[in-house]
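To keep things clear, I will list the structure first and then write my remarks on it.
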Amino acid sequence: LELQIQHNERLAMVGQIAAGTAHEIRNPITSIKGFLQLMQKSLTDNQMQKEMYYTEVMLGEVERITNLLNEFLLLSKPRDLKVEDCKPKEIMDIIQPIISNEALLKGIEVCYKVDSISNCIRVDRELLKQVFLNLAKNALEAMGDNGKLEICVESVDDHKSIRFSFKDSGPGIPAYMIDKIFDPFFTTKDNGTGLGLSVCQRIVADLGGQIKVSSKGFGTTFSVLLPVFS
Ligand code: ADP
Ligand code: MG
219 LELQIQHNER
229 LAMVGQIAAG
239 TAHEIRNPIT
249 SIKGFLQLMQ
259 KSLTDNQMQK
269 EMYYTEVMLG
279 EVERITNLLN
289 EFLLLSKPRD
299 LKVEDCKPKE
309 IMDIIQPIIS
319 NEALLKGIEV
329 CYKVDSISNC
339 IRVDRELLKQ
349 VFLNLAKNAL
359 EAMGDNGKLE
369 ICVESVDDHK
379 SIRFSFKDSG
389 PGIPAYMIDK
399 IFDPFFTTKD
409 NGTGLGLSVC
419 QRIVADLGGQ
429 IKVSSKGFGT
439 TFSVLLPVFS
């Protein structure tokens, strides 16, 4: 037992150091990004083609680091939730254009079925938005052209909960993998961080909800269940 406690304390300490480091890295990265953007603006000349390309690549990589740091911070830091009552449709109105736009670029069809629900959920909008965008992003990444993403919002549980579901027509998740996908750093992608679903799970749990996945051979459905606030 003594050893176990020591081990846990050490893990917690490593987590704190990592979170602190991630936080400290974010500021210089922001300034690198700003200066790269300025540099790119001043490279309008045709003779600067190569330099334009270099800054483009650097900005892309900076973006990757920023995303990783943000996900990492969401996961490791205890944070204050800014909860407010909100209608499910309000959240959908914010994320719909973002998802549709990304899907359009990939030639994927998205359809939305949003029940008119008068009940409110009590959530941190920014965080919940992040959850849904992560789920949509995973779905889009899993599908090739001609894929289809269905997003439904329904009142369930005798109107005691709201269910948001994301159903894709991708290849599905093999049974042996399904228990691992929520683990931090688990990824099957070359450029993946493996933090997206861990972040989703953490946020949904903080909001008093549940996140579930089902995948049977073809396609995958992620659903987020949140309690209605009355
Ligand atoms: P990342 O997207 O960076 O890989 P995530 O935590 O978001 O990290 O996802 C972890 C893994 O779960 C993915 O690499 C992928 O293997 C699997 N996964 C998640 N969503 C889907 C999906 N909709 N269809 C198929 N596989 C998925
Ligand atoms: Mg992801």
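Each residue of the sequence shown is one higher than the last, beginning at 219 in UniProt numbering. Ideal placement from N, C-alpha and C gives every residue a C-beta, glycine not left out.
Within 8 Å, do at least three Cβ pairs link the region 411-422 to the region 286-298? These segments touch.
Beta-carbon contacts of Cys418 that lie in its chain and below 7 Å, excluding the five residues immediately before and after: If you number the sequence shown from 1, residue 418 lands on position 200. Counting only Cβ-Cβ distances below 7 Å, and skipping sequence neighbours, we find Val349, Asn352, Leu353, Ile429.
What three-state label does DSSP hand Lys324 in the structure shown? On the sequence shown, residue 324 is found 106 positions in, with the first residue counted as 1. In the structure shown, Lys324 sits in a helix (DSSP, three-state: H, G or I).
Exposed unless 16 or more other CB atoms sit within 10 angstroms - verdict on Pro306: For the purposes of this step, residue 306 is identified with residue 88 of the sequence shown, where counting begins at 1. Counting Cβ neighbours within 10 Å, Pro306 comes out buried, since at least 16 surround it.
Could you round the C-beta distance between Met257 and Thr273 to whole angstroms and report it? I think they count as a contact, below 8 Å. As a position in the sequence shown, residue 257 is number 39, starting the count at 1. As a position in the sequence shown, residue 273 is number 55, starting the count at 1. With a Cβ gap of about 6 Å, Met257 and Thr273 count as contacting.
Which residue wins for smallest C-alpha separation from Val446, given the options Gly437, Gly427, Ser432? In the sequence shown, the residue the question calls residue 446 occupies position 228. Closest option to Val446, Cα to Cα, is Gly427.
So which residues put a beta carbon under 7 Å from any heavy atom of ligand 2, going in chain order? Asn352, Lys355, Asn356, Glu359, Gly410, Gly414, Leu415
Ignore the nearest five residues each way along the sequence and tell me which others in Ile439's own chain have a CB closer than 8 Å to its CB. Walking along the sequence shown from the start, residue 439 turns up at place 221. Note on identity: in this sequence residue 439 is Thr, with Ile being the wrong assignment. The residues are Ser383, Phe384, Lys385, Asp386, Val431, Ser432, Ser433.
Can you name, in chain order, every residue of its own chain whose Cβ lies under 6 Å from the Cβ of Leu443, other than the five neighbours on each side? If you number the sequence shown from 1, residue 443 lands on position 225. Correct list, in chain order: Ser379, Arg381, Gly427, Gln428.
Lys324 to Ala357, Cα distance in whole Å? Stepping through the sequence shown from its first residue, residue 324 is reached at position 106. Stepping through the sequence shown from its first residue, residue 357 is reached at position 139. One C-alpha to the other measures close to 12 Å.
State the DSSP-derived secondary structure class of Val280, mapped to helix, strand or coil. For this step, residue 280 is matched to residue 62 along the sequence shown. Three-state DSSP puts Val280 in a helix.
In this structure, what does DSSP give as the bridge partners for Lys366? The residue labelled residue 366 in the question sits at position 148 within the sequence shown. In the DSSP assignment, Lys366 is bridged to Glu327.
Contacts around Ala236, its chain only, beta-carbon distance under 7 Å, and the 5 residues preceding and following it disregarded: By one-based count along the sequence shown, residue 236 stands at place 18. The residues are Ser294.
Could you tell me if Gly388 is buried or exposed, where buried requires 16 or more neighbouring beta carbons within 10 angstroms of its beta carbon? Reading the sequence shown from its first residue, position 170 is the one you call residue 388. By the neighbour-count rule (16 or more Cβ atoms within 10 Å), Gly388 is buried.
Does the distance from the CB of Leu261 to the CB of Met270 come in under 7 Å? Your numbering for residue 261 matches position 43 in the sequence shown. Your numbering for residue 270 matches position 52 in the sequence shown. Going by C-beta atoms, Leu261 is nearer than 7 Å to Met270.
Let's see if you can read the secondary structure: which residues bound the beta strand (DSSP E) around Ser249? As a first step, residue 249 must be located in the sequence shown, where it is residue number 31. Here Ser249 belongs to no beta strand (DSSP E); instead the alpha helix (DSSP H) covers 220-259.
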